[in-house]
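Here is the structure we will look at, set down as structure tokens.
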Amino acid sequence: MINSAGQVIYVGKAIDLKKRVSSYFQKNGLGPRTQLMVSQIAGVETTVTRSEAEALLLENNLIKTLTPKYNILFRDDKSYPYVILSGNRFPRLGFYRGPLDKKHRYFGPFPSAGMVRESIQLLQKVFRIRTCEDSVFSNRTRPCLLYQIKRCSGPCVNLISEEAYSEDVRDAELFLQGKQTEVLESLTRKMQAAANSQEYEQAALFRDQIQSLRRIREKQFVDSGKALDADVVAAVAESDAGGRICVNLAMIRGGRHLGDKSFFPQNAEGYDLPEVVEAFLAQHYLNRSVPNLVIVGEKIQRDTLQELMAEQSGHKIVINANPIGDRRMWLDMATENARLSLEQMLSRQASQEDRLQALQQALDMTGLGRIECFDISHTMGEATIASCVVYDNFAMRNSEYRRYNIAGITPGDDYAAMRDVLTRRYQKVAEGEGSLPDLILIDGGRGQVNAAHEVLVELGLNDANLLGVAKGEERKPGMEQLVFPTKEKPLQLSKDHAGLHLIQQIRDEAHRFAIYGHRAKLGKSRTSSTLEQIAGIGAKRRQSLLQRFGGLKGVLTASIDELQQVDGISRALAEKIYRELH
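The numbering used here puts the sequence shown at residues 203 to 784.
Laid out in structure tokens, this is it:
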């Protein structure tokens, strides 16, 4: 359905299209939301598909692409992370996000990066699998710190046989698959065999592994004893939450609860929970892996969804809306986590609303919905980076953050850097593309604000709200002064002012984002320049050296003979590199 401006405001599907469209134009029985949508309809476009499952797929692809204002929308474009065991002779344990390659083994997906890293730490502690990059592994001459603290068995320097390492990898795989009982039985047999052979140190190592695994098992709240993979989807709505809904996804892999992820759909006001869950399943699993079993807490129309999800995943999918036993426990847990997440989100939002209201009153402004904040970071003029962070609808919007490389200015000229980034950011707005934020924050004092104001005036954006955040006395937090382009006297709010806390939050985020990018750029430029300043070392040879030795630090510790083994490095050039670096 399309409005008078040509914008798609709603996407739907129906077997009987005439009946579905006619239902929107009945005089009675329409909710306020539907009435408002109908009042904006100026046209309808249709597409015929071969099946209901194909229609559902097209519908949700269009919803994700067009983001119509009257469709439920789940925003989560990030792929889920996995634990990876590489296909090397001595497999590497690591964090992975992206397309899957058949030559490696993957375990997951996990609901968050933190869960993956926690699992990797546990596996390091119990099974001592290596986590180093292949370039580092192939060039070690002595064991690293992880070996010293018993987090790695030292395969890089042959401190463990390939056979023994493979057994550890196998046990780690079984653990990740949820087969903890098999792992414990295997380790117990090894411990007894070592003790019978009077290899008491080895037996003690197996004993420690067994104890660690048992402690992990005790902490695991959900463990069905069956290596079952399932996703559990629960939704809750609060009657006093202004229509806000939370959908919680709990991931069960190998019978173990890997964690939860909460989603807060947009445009969900006026929809009931079964409709929200149906929208979640249809949108969330587009181009994503899905386990054989999906447990839901609402009575939904399962047949078409099961057909679509099976078609997308390449295997049979069962949606269970009436679980019992362990599965009911999983659903109850997911529902409780959804309720807690919704309460926490509403509490955070209320706090943010209070802060924004206080800021509006302090600045004598209204309608401050979107705020963009800029900061400049460099080291004595080197590797200058500008950041722009966005605060909108009571939250920081990470996906809208941007960094700008600043070049072509006098090194260390912060005013020129600010002019550059603001010109690049708002040039298109001046040309009629996009819109200005409600407030532009500058991390800087009078000079920075004047430079920013000049740019906005030159672009014809005189009506932009601009505010500088100057460091206060002794640069102490709470002593900041707010600088206006048209007022000589700055405004200083009290340390406990809610509006100041919001400004500090946004300013600190802009600073963090800028300095993180600056450090990355600085490190890259210094690594490049250190090697490329040596005659005979270009970009290709520099890259070969860094890959072979795992970075500049490895190159610095390499001998002349080791340097000479790199493709393209002669004996004479190896000697020159060694002399230049020492």
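Cβ coordinates follow ideal geometry from the N, Cα and C atoms, glycine included.
Asked: So, is T251 buried or exposed, given that buried needs 16 or more other C-beta atoms within 10 angstroms?; Found: exposed
Asked: Taking buried to mean at least 16 other C-beta atoms within 10 Å of its own C-beta, is I351 buried or exposed?; Found: exposed
Asked: Hey, would you say D462 sits closer than 8 Å to A536, going by beta carbons?; Found: yes
Asked: If distances are taken between C-alpha atoms only, which option among A712, P313 and G356 comes closest to F329?; Found: G356
Asked: Quick check for students: name the residue ranges of the beta strand (DSSP E) that lie wholly in the segment 435-486, counting only runs of 3 or more.; Found: 447-455 and 458-465
Asked: What is the DSSP secondary structure of V520, counted as helix, strand or coil?; Found: strand
Asked: Whose C-beta lies closer than 8 Å to the C-beta of F423 among residues of the same chain, with five residues either side of it excluded?; Found: Bear in mind that a pLDDT of 46 at F423, under 50, signals an unreliable position, so the number given afterwards is only what the model happens to contain. Once the five neighbours on either side are set aside, the close Cβ partners of F423 are H459 and M535.
Asked: Please confirm whether N450 and A470 have their CB atoms less than 8 Å apart.; Found: no
Asked: Give me the Cβ distance between P525 and I573, rounded to the nearest whole Å; I'm assuming they're in contact under 8 Å.; Found: Not really, about 45 Å apart at Cβ, beyond 8 Å.
Asked: With a threshold of 7 Å on Cβ separation, who are the neighbours of L275 within its own chain once the five nearest residues in sequence on each side are excluded?; Found: I265, T269, P467, Q468 and N469
Asked: Where does R344 land, buried or exposed, given buried means 16+ other C-beta within 10 angstroms?; Found: exposed
Asked: Determine the extent of the beta strand (DSSP E) in which F576 is found, giving its start and end residues.; Found: R572 to T581
Asked: Could you give the C-beta distance for P301 and Y284, rounded to a whole number, given that I count them as a contact under 8 Å?; Found: Contact flag wrong, Cβ pair sits at about 11 Å.
Asked: Just to confirm my understanding: we take E335, look at its own chain, exclude 5 residues before and 5 after, and list those with CB closer than 7 Å. What are they?; Found: G752
Asked: Quick one: what's got a C-beta closer than 8 Å to G674's C-beta in the same chain, skipping five residues either side?; Found: G680, M681, E682, Q683 and Q694
Asked: Going by the DSSP bridge assignment, what does G674 pair with across the sheet?; Found: Paired residues: none, contrary to the question.
Asked: Assuming V478 contacts A432 under a Cβ cut-off of 8 Å, what Cβ separation, rounded to an integer in Å, is found between them?; Found: So it is not a contact: roughly 20 Å between Cβ atoms.
Asked: Residues in the same chain with beta-carbon distance under 7 Å from K697, minus the five sequence neighbours each way, listed in chain order, please.; Found: G680
Asked: Return helix, strand or coil for Q394, following the three-state DSSP convention.; Found: helix
Asked: Would you say A257 and K215 are within 8 Å of each other, going by their C-beta atoms?; Found: yes
Asked: Just checking my contact of L765 with I779 at CB under 8 Å: how many whole Å lie between their CB atoms?; Found: 6 Å
Asked: Check the Cβ-Cβ distances between G752 and every residue of chain B, and say whether any is below 8 Å.; Found: Included in the structure is just one protein chain, with no chain B present.
Asked: Relative to the alpha-carbon of Y272, which residue among V240, R530 and G245 has its alpha-carbon at the smallest distance?; Found: V240
Asked: What separation, rounded to the nearest whole angstrom, lies between the Cα atoms of L702 and G719?; Found: 26 Å
Asked: Can you give the beta carbon distance from E500 to L475, rounded, assuming they're within the 8 Å contact cut?; Found: 5 Å
Asked: So which of R291, D410, T333 and F377 has the shortest CA-CA distance to E364?; Found: R291
Asked: If you draw a straight line from the alpha carbon of V768 to that of L669, how long is it in whole angstroms?; Found: 55 Å
Asked: Give me the Cα-Cα distance between S426 and L376, rounded to the nearest whole angstrom.; Found: At S426 the pLDDT is 48, less than 50, meaning the model places this residue with poor confidence; the figure from the coordinates comes in the next sentence. Distance between the alpha carbons of S426 and L376: 15 Å.
Asked: List in chain order: all unbroken beta strand (DSSP E) runs of 3+ residues lying wholly within the segment 288-350.; Found: 295-298 and 307-309
Asked: Three Cβ pairs or more, each shorter than 8 Å: is that satisfied between the segment 554-561 and the segment 503-516?; Found: no
Asked: With DSSP as the reference, label L758 as helix, strand or coil.; Found: helix
Asked: Counting along the chain, where does the alpha helix (DSSP H) carrying T267 start and finish?; Found: E254 to L268
Asked: Are the CB atoms of V623 and Y588 within a distance shorter than 8 Å?; Found: Looking at the sequence provided, one finds Ala at residue 588 rather than Tyr. Contact flag set, yes.
Asked: I'd like to know whether the C-beta atoms of S288 and H306 end up nearer to each other than 8 Å.; Found: yes
Asked: Quick check: the Cα distance between N522 and V498, rounded to an integer number of angstroms?; Found: 6 Å
Asked: For the ligand SAM, is there a heavy atom less than 7 Å away from the beta-carbon of F309?; Found: Because no ligand of any kind appears in the structure shown, any question about the ligand SAM cannot be addressed here.
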